[in-house]
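Protein chains in written order, with our numbering: chain A, 2 to 269; chain B, 2 to 269; chain C, 2 to 269; chain D, 2 to 269. Glycine residues also receive a C-beta, built at the ideal position from the N, C-alpha and C atoms.
4 protein chains.
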Amino acid sequence: MAGVRGYFHPKTATGGSSLIPSPPWHYSGDLVTVEYRTDPARVAELLPEPLALADEDPGAVALIWADWQSCGSSKEELLDPVRAQYKEAFAVVRCSYRGKTYSRCVYIWVDKDFAIARGFHQGYPKKLGSIHMTRPHPYGPAPRIEAGASFGATLAAADRRLAEAVITLREPAETNGFVNGHPMAHHRWLPSIEKGKRLALDELIETGSASFEAGQPWSADAELALFEAPTEELARLEVHELIGAYYRQVGVSWDGGTLLETGTSGAE
Amino acid sequence: MAGVRGYFHPKTATGGSSLIPSPPWHYSGDLVTVEYRTDPARVAELLPEPLALADEDPGAVALIWADWQSCGSSKEELLDPVRAQYKEAFAVVRCSYRGKTYSRCVYIWVDKDFAIARGFHQGYPKKLGSIHMTRPHPYGPAPRIEAGASFGATLAAADRRLAEAVITLREPAETNGFVNGHPMAHHRWLPSIEKGKRLALDELIETGSASFEAGQPWSADAELALFEAPTEELARLEVHELIGAYYRQVGVSWDGGTLLETGTSGAE
Amino acid sequence: MAGVRGYFHPKTATGGSSLIPSPPWHYSGDLVTVEYRTDPARVAELLPEPLALADEDPGAVALIWADWQSCGSSKEELLDPVRAQYKEAFAVVRCSYRGKTYSRCVYIWVDKDFAIARGFHQGYPKKLGSIHMTRPHPYGPAPRIEAGASFGATLAAADRRLAEAVITLREPAETNGFVNGHPMAHHRWLPSIEKGKRLALDELIETGSASFEAGQPWSADAELALFEAPTEELARLEVHELIGAYYRQVGVSWDGGTLLETGTSGAE
Amino acid sequence: MAGVRGYFHPKTATGGSSLIPSPPWHYSGDLVTVEYRTDPARVAELLPEPLALADEDPGAVALIWADWQSCGSSKEELLDPVRAQYKEAFAVVRCSYRGKTYSRCVYIWVDKDFAIARGFHQGYPKKLGSIHMTRPHPYGPAPRIEAGASFGATLAAADRRLAEAVITLREPAETNGFVNGHPMAHHRWLPSIEKGKRLALDELIETGSASFEAGQPWSADAELALFEAPTEELARLEVHELIGAYYRQVGVSWDGGTLLETGTSGAE
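Here it is as structure tokens:
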């Protein structure tokens with residue numbers, strides 16, 4: 002008996018229906034990053050056991066927009082681009098675990114189902130959203146990647162705008178920011194199917210890129226606004242002070258992570 | 002220390018960002034059901050250990066379209082209907098487990114993220130799709146629920162049409178079909194975050210309605226067509242013989258299920 | 002030579018590509034109506050020559066949500082419902098023309114292209130939007146059409162929420178409101194393709210239903226909020242005083258209108 | 002009395018609600034072009050009086066995908082990119098008018114309302130569609146613009162795929178094809194609001210770019226497939242022989258056109 006196959010559901014005899022192929026997954030994309038400081042208590046309240054606030058600059062937040070093309074190892078999705086292209090916006094904070102600093106995505110919105118599925122696997126707490134980013138272009142009115150060029154980035158979900166930013170490039174920079182620069186410490190959680198029981202899945206994992214290439218990062222000036230919505234708490238990460246903003250084009254591969262511990266988050 | 006809260010991700014201090022509230026979940030909706038026979042081998046290949054083909058009519062399939070409004074116990078989603086309304090189309094087969102007959106959803110497409118999240122929890126292998134159903138209406142050209150009335154139902158995903166049906170109501174019926182009439186035997190699967198390791202989650206669960214009310218079911222004549230697509234295998238469940246078709250309006254509540262066994266599916 | 006055919010573009014040898022069929026067009030739908038008073042000057046500024054403010058209650062506005070299924074005389078769209086179903090939200094005021102009171106739609110958002118095309122023809126100034134309305138249902142948590150039942154209605158465009166209402170049914174009513182109860186006085190405008198020339202099309206037309214059937218209207222209490230957006234002016238029609246709210250199910254046919262005059266609007 | 006303002010509807014006191022600003026309009030974008038020969042009779046049947054088949058290669062068709070960012074003279078849309086970005090796919094043929102060769106768009110699908118409105122103005126017979134194109138990128142798995150790089154392009158409307166192409170770049174080319182290289186001869190048509198009357202608008206116009214800059218065109222090998230759909234006739238332009246394929250990045254401005262004649266198309 003062959004059994005059902007497929008990296009993800011739906012599992013079938015061939016595996017050909019799986020919403021996502023098995024890793025490695027490859028990505029080409031552009032990133033708009035805006036880093037700012039919020040009240041560290043607002044970061045701390047998003048960190049379950051055994052995570053703690055980062056030692057330095059614990060209130061730092063990165064709000065990142067990304068415009069991706071992604072694929073599995075066959076790369077076939079790239080030629081049927083409805084299956085490759087997606088955009089996302091996500092908020093990253095840092096935390097401390099066993100004396101080491103990690104990044105952690107606390108909110109994220111994407112616009113395709115395969116991206117949601119990868120998020121379940123990687124511990125990104127994904128919802129659907131409507132994400133837009135100005136794209137650089139060598140001709141016409143769209144911006145080049147050069148000093149003075151401005152890029153807009155917006156996020157909406159459930160028909161409400163949640164965030165918008167405009168960044169204006171200043172000069173080549175040494176980094177693309179520091180908040181999203183560590184390995185990610187994420188939880189993978191799923192409730193028990195039985196009422197009142199403990200979580201069926203409660204894993205703390207570490208994950209990060211398997212390979213990375215990138216163009217010159219640019220530093221930028223930024224305007225950022227966050228908006229309230231009845232089912233969102235992004236705006237609780239209030240903007241107290243802008244740290245910096247960045248634009249960068251990257252190529253990334255992802256190929257699995259590491260299980261750190263299980264059953265310890267104390268999450269409901 | 003309060004810890005993070007929320008039935009689903011993202012978990013926060015308040016729990017207010019959770020993509021879905023804790024059960025019970027309540028649904029109002031209309032169902033178009035088309036039942037047909039396919040090659041039982043095509044059903045068998047979708048049943049992992051320890052499930053087996055149903056004893057009677059093992060090649061029976063129900064393809065069901067549903068137009069839902071759903072909510073948690075606060076019912077607040079109903080008044081912000083972008084958060085309550087969704088449509089879905091799904092294929093159900095039957096199977097046998099420990100001498101008992103179960104229904105099992107083998108493919109399903111929905112059009113909202115909260116429905117995808119509920120699917121992860123309930124073991125429905127959900128993807129995003131574009132689903133449309135004719136709605137009954139008491140005035141104008143749309144059909145009433147009465148003999149001779151026709152309803153169309155269509156499904157597309159990734160910009161390709163996958164299925165379409167037209168049903169024409171014949172007469173009041175005793176049932177809404179038999180394929181989706183049993184408790185559901187579903188798997189909840191998630192790969193390990195570590196490459197080459199066994200599944201992190203491999204649960205066989207039983208789930209079904211906590212309460213159910215419904216109007217008069219109607220039997221119907223049907224035309225049904227399934228279409229090929231590069232990432233879908235619905236059309237492998239070829240239509241060999243139509244069994245029947247049905248229209249029914251229902252109200253349903255869901256409030257959890259039962260864990261049957263773990264680690265036994267042998268799924269990759 | 003046969004020439005190209007089709008009621009609308011694209012015109013072809015067969016006419017089969019036309020975005021809309023020739024009238025009559027038939028509609029089944031539900032209407033949520035909220036009527037309120039704004040500053041009459043805000044209404045007057047939307048009325049071009051030769052229209053003037055209505056004599057009575059000139060600041061009255063109706064904001065209406067509609068959930069439609071529509072079709073041409075073949076009714077084939079109803080069985081491929083992606084081509085039949087659409088939702089809209091629109092603001093209606095009244096005006097006076099040659100001593101007679103007309104209704105006039107000043108803003109409208111729809112969610113399908115065939116509805117946009119019909120709007121060009123009928124003088125409705127349509128944009129795309131995301132429109133949602135609670136639907137009545139006989140089972141489960143969704144409301145019945147009965148006293149105490151609440152319905153939500155929301156409008157967004159370009160990822161921003163523009164309006165939201167909740168109405169709670171009070172009792173059967175004699176009417177469905179008065180603002181949208183007159184023939185429509187609409188303009189059909191199109192700029193010249195040549196810069197600096199006068200409008201290529203500047204028609205004042207009268208249009209209305211060719212036939213109408215409807216269920217019992219219900220009066221309702223309402224909450225209504227309008228929101229600012231950079232490319233929208235709906236919120237300039239500020240809510241000074243709520244007049245009333247209504248729910249009604251209707252069946253409507255449209256079959257052409259009357260040209261009142263041309264070239265007189267003075268519009269840029 | 003100030004009168005209502007705005008280049009397009011809805012016209013208001015400020016003009017700020019207009020679905021499109023007044024020209025000039027500026028565009029940055031990438032073009033995938035596939036040129037092929039069909040039966041010239043299938044082209045001729047799409048050409049109303051007084052247009053005739055082009056003298057040379059009259060069965061030539063260009064199917065073009067474009068991924069645009071566009072704006073008016075303020076360029077503000079670029080920083081709120083949900084208002085600037087859109088994609089389109091369109092079929093172009095050539096025709097002869099008064100001894101001169103013109104290009105003519107016979108079918109076109111776009112994914113934003115402002116693009117539909119510009120189409121009404123410019124005589125492009127636009128419908129809504131879902132359009133996707135692989136985008137070049139300097140890092141990761143997405144293609145660079147270089148020999149051997151492959152780009153996919155797909156079109157769907159009303160939940161059905163209508164066309165898909167894959168092109169593989171061969172070498173730098175002298176042109177981006179010849180079918181879409183002439184001024185456009187388009188009709189602007191609108192039915193009378195009164196049944197049985199002649200068209201209210203029946204204009205033959207000439208339009209083209211006011212300015213144009215572009216990168217190196219690349220020639221490409223191509224695969225192209227067209228699919229049937231109940232309301233579309235693109236597939237009637239059957240692919241008899243591929244001519245060539247091209248990739249090019251362009252910057253374009255549009256600033257009005259010329260009225261050639263009125264009332265002569267003989268269109269229904």
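D:PRO137 to D:ASP31 span [Cα, whole Å]: Residue numbering aside, residue 137 of chain D sits at position 136 when the fourth sequence is read from its first letter. Residue numbering aside, residue 31 of chain D sits at position 30 when the fourth sequence is read from its first letter. For D:PRO137 and D:ASP31, the distance between alpha carbons rounds to 9 Å.
From D:PHE115, D:GLU195, D:PHE121 and D:LEU202, pick the residue whose C-alpha is nearest to that of D:ARG84; which is it? Locating residue 84 of chain D in the fourth sequence gives position 83, counting from the first residue. Across the set D:PHE115, D:GLU195, D:PHE121 and D:LEU202, the C-alpha of D:PHE115 shows the shortest separation from the C-alpha of D:ARG84.
Quickly, what does DSSP pair A:ASP31 with across the bridge? List them, please. For the purposes of this step, residue 31 of chain A is taken as the residue at position 30 of the first sequence. The partner list for A:ASP31 (beta bridge, DSSP) reads A:ASP68 and A:GLN250.
Taking DSSP's pairing of strands, which residues face D:ILE109 in a bridge? Within the fourth sequence, residue 109 of chain D is the residue found at index 108, counting from 1. DSSP, once it has assigned bridges, lists D:PHE91 and D:LYS127 as partnering D:ILE109.
For B:GLY258, three-class secondary structure by DSSP: Here residue 258 of chain B refers to the residue found at position 257 of the second sequence. Of the three classes helix, strand and coil, the one that applies to B:GLY258 here is strand, per DSSP.
Identify whether C:GLY245 lies in helix, strand or coil by the three-state DSSP scheme. As a first step, residue 245 of chain C must be located in the third sequence, where it is residue number 244. C:GLY245 falls in the strand class under three-state DSSP.
Given a cut-off of 8 Å on the beta-carbon distance, is the pair D:PRO82 and A:GLY141 in contact? The residue you call residue 82 of chain D lines up with position 81 of the fourth sequence. The residue you call residue 141 of chain A lines up with position 140 of the first sequence. With contacts defined by Cβ atoms closer than 8 Å, D:PRO82 and A:GLY141 do not form a contacting pair.
Going by alpha carbons, who is nearest to A:LEU48 out of A:GLY252, A:HIS187, A:VAL240 and A:SER220? Against the first sequence, residue 48 of chain A aligns to sequence position 47. Shortest Cα-Cα distance from A:LEU48 to any of A:GLY252, A:HIS187, A:VAL240 and A:SER220 involves A:HIS187.
At 9 Å on the CB atoms, spell out the chain A contacts of B:ASP256, in chain order. Here residue 256 of chain B refers to the residue found at position 255 when the second sequence is read from its first residue. Those are LYS196, listed as they occur along chain A.
Less than 6 Å between C-beta atoms, sequence neighbours within five positions excluded: which residues of the same chain meet that for C:GLN86? Indexing the third sequence from 1 puts residue 86 of chain C at position 85. Around C:GLN86, the same chain offers GLN70 as residues with beta carbons nearer than 6 Å, after the five sequence neighbours per side are excluded.
If you drop the 5 nearest sequence neighbours on each side, which residues of the same chain put their C-beta closer than 6 Å to that of B:GLU224? As a working mapping, residue 224 of chain B is identified with position 223 in the second sequence. Once the five neighbours on either side are set aside, the close Cβ partners of B:GLU224 are VAL167.
Test item: CB-CB of A:TRP66 and A:MET134 under 8 Å: For the purposes of this step, residue 66 of chain A is taken as the residue at position 65 of the first sequence. For the purposes of this step, residue 134 of chain A is taken as the residue at position 133 of the first sequence. Yes, the Cβ-Cβ distance between A:TRP66 and A:MET134 is below 8 Å.
Measure the C-alpha to C-alpha separation of C:ALA148 and C:TYR248 and round it to an integer number of angstroms. On the third sequence, position 147 is the one that residue 148 of chain C refers to. On the third sequence, position 247 is the one that residue 248 of chain C refers to. For C:ALA148 and C:TYR248, the distance between alpha carbons rounds to 11 Å.
Can you list the residues of chain C that B:ARG99 reaches, using a CB-CB cut of under 7 Å? Position 98 of the second sequence holds residue 99 of chain B. For the C-beta of B:ARG99, not a single chain C residue is nearer than 7 Å; the gap to the nearest is close to 32 Å.
Examine chain A for any beta-carbon lying closer than 8 Å to the beta-carbon of C:ARG162, and answer yes or no. Along the third sequence, one-based indexing puts residue 162 of chain C at 161. C:ARG162 counts as touching chain A.
C-beta contact flag for C:GLY157 and B:LEU79 at 8 Å: Residue mapping note: residue 157 of chain C aligns to position 156 of the third sequence, counting from 1. Residue mapping note: residue 79 of chain B aligns to position 78 of the second sequence, counting from 1. One detail in the question is off: residue 157 of chain C reads as Ala in this sequence, not Gly. No, they are not a contact pair.
Check whether chain F comes within 8 Å of C:SER131, counting only Cβ atoms and requiring the distance to be less than that. The chain inventory of the structure shown lacks chain F, comprising the protein chains A, B, C and D.
In three-state DSSP terms, what is B:ASP122? Within the second sequence, residue 122 of chain B is the residue found at index 121, counting from 1. For the record, residue 122 of chain B in the displayed sequence is His; it is not Asp. If DSSP states are grouped into helix, strand and coil, B:HIS122 belongs with the helices.
Between D:PRO25 and C:TRP110, what straight-line distance do the alpha-carbon atoms span, to the nearest angstrom? As a working note, residue 25 of chain D is residue 24 in the fourth sequence. As a working note, residue 110 of chain C is residue 109 in the third sequence. Straight-line Cα distance between these residues: approximately 25 Å.
Write down every uninterrupted run of the beta strand (DSSP E) in the stretch 179–250 of chain B whose length is 3 residues or greater and which is fully enclosed by it, in chain order. Whole beta strand (DSSP E) segments, 3+ residues: 185–191, 202–208, 212–215 and 219–227.
Could you say if the stretch 201–216 of chain A and the stretch 94–114 of chain D meet the contact criterion of at least three C-beta pairs nearer than 8 Å? As far as the Cβ criterion goes, the stretch 201–216 of chain A does not touch the stretch 94–114 of chain D, which means the pair count is below three.
Inter-residue spacing [alpha-carbon to alpha-carbon] between A:PRO162 and C:CYS106: Within the first sequence, the letter at position 161 stands for residue 162 of chain A. Within the third sequence, the letter at position 105 stands for residue 106 of chain C. Per the sequence shown, residue 162 of chain A should be read as Arg rather than Pro. If I take the Cα positions, the gap works out to 26 Å.
How would you label D:GLU195, buried or exposed, when you count the other beta carbons within 10 angstroms and need 16 or more for buried? Residue 195 of chain D sits at position 194 when you count from the first residue of the fourth sequence. Exposed.
Kindly say whether B:ALA246, judged by its beta-carbon, lies nearer than 8 Å to any beta-carbon of chain D. Residue numbering aside, residue 246 of chain B sits at position 245 when the second sequence is read from its first letter. Look at B:ALA246: its C-beta is not under 8 Å from any C-beta on chain D.
Alpha carbon to alpha carbon, how far is C:PHE9 from D:TRP190? Sequence index remark: in the third sequence, residue 9 of chain C carries index 8 (1-based). Sequence index remark: in the fourth sequence, residue 190 of chain D carries index 189 (1-based). C:PHE9 and D:TRP190 have their alpha carbons spaced roughly 8 Å apart.
From A:ALA215 to A:VAL253, what distance separates their C-alpha atoms? Looking up residue 215 of chain A in the first sequence gives position 214. Looking up residue 253 of chain A in the first sequence gives position 252. Distance between the alpha carbons of A:ALA215 and A:VAL253: 8 Å.
Contact set between C:GLU147 and chain B, taken where Cβ atoms lie within less than 8 Å: As a position in the third sequence, residue 147 of chain C is number 146, starting the count at 1. The premise fails here: C:GLU147 is roughly 14 Å from chain B at the closest Cβ pair, so nothing lies under 8 Å.
Quick test of your reading: B:LEU20 and B:ALA118, contact by CB under 8 Å. State the CB separation rounded to the nearest angstrom. Working through the second sequence from its first residue, we reach residue 20 of chain B at position 19. Working through the second sequence from its first residue, we reach residue 118 of chain B at position 117. Yes, they are in contact, since the Cβ atoms of B:LEU20 and B:ALA118 sit about 4 Å apart, within 8 Å.
Return no unless some Cβ of chain C is closer than 8 Å to the Cβ of A:THR135. Counting from one through the first sequence, the residue named residue 135 of chain A turns up at place 134. Output row for A:THR135: interface = no.
Reduced DSSP category for C:LEU163 - H, G, I as helix; E, B as strand; rest coil: By 1-based counting over the third sequence, the position of residue 163 of chain C is 162. Strand.
Quick one: does D:GLU239 have its CB under 8 Å from some CB of chain C? The count along the fourth sequence starts at 1 and reaches residue 239 of chain D at position 238. Chain C, which has no Cβ nearer than 8 Å to the Cβ of D:GLU239, makes this no.
Distance cutoff 8 Å, beta carbons only. Does A:THR13 sit that close to anything in chain C? The count along the first sequence starts at 1 and reaches residue 13 of chain A at position 12. False, the Cβ-Cβ gap to chain C never drops below 8 Å.
From the DSSP output, in three-state form, read off B:ILE168 for me. Translated into the one-based positions of the second sequence, residue 168 of chain B becomes position 167. B:ILE168 falls in the strand class under three-state DSSP.
Just mark B:ARG145 as buried or exposed, buried being the case when its beta carbon has 16 or more other beta carbons within 10 Å. Mapped onto the second sequence, residue 145 of chain B falls at position 144. Looking at its Cβ environment, which holds fewer than 16 other Cβ atoms inside 10 Å, B:ARG145 is exposed.
Classify D:ARG84 as helix, strand or coil using the three-state DSSP reduction. Here residue 84 of chain D is taken as the residue at index 83 of the fourth sequence, counted from 1. For D:ARG84, the secondary structure class from DSSP, reduced to helix, strand or coil, is helix.
Compute the beta-carbon to beta-carbon distance between D:ASP112 and B:SER131, rounded to the nearest angstrom, for a pair I have assumed lies under 8 Å. Here the question's residue 112 of chain D lines up with position 111 in the fourth sequence. Here the question's residue 131 of chain B lines up with position 130 in the second sequence. Going by Cβ atoms, the distance from D:ASP112 to B:SER131 rounds to 14 Å, so no, they are not a contact pair.
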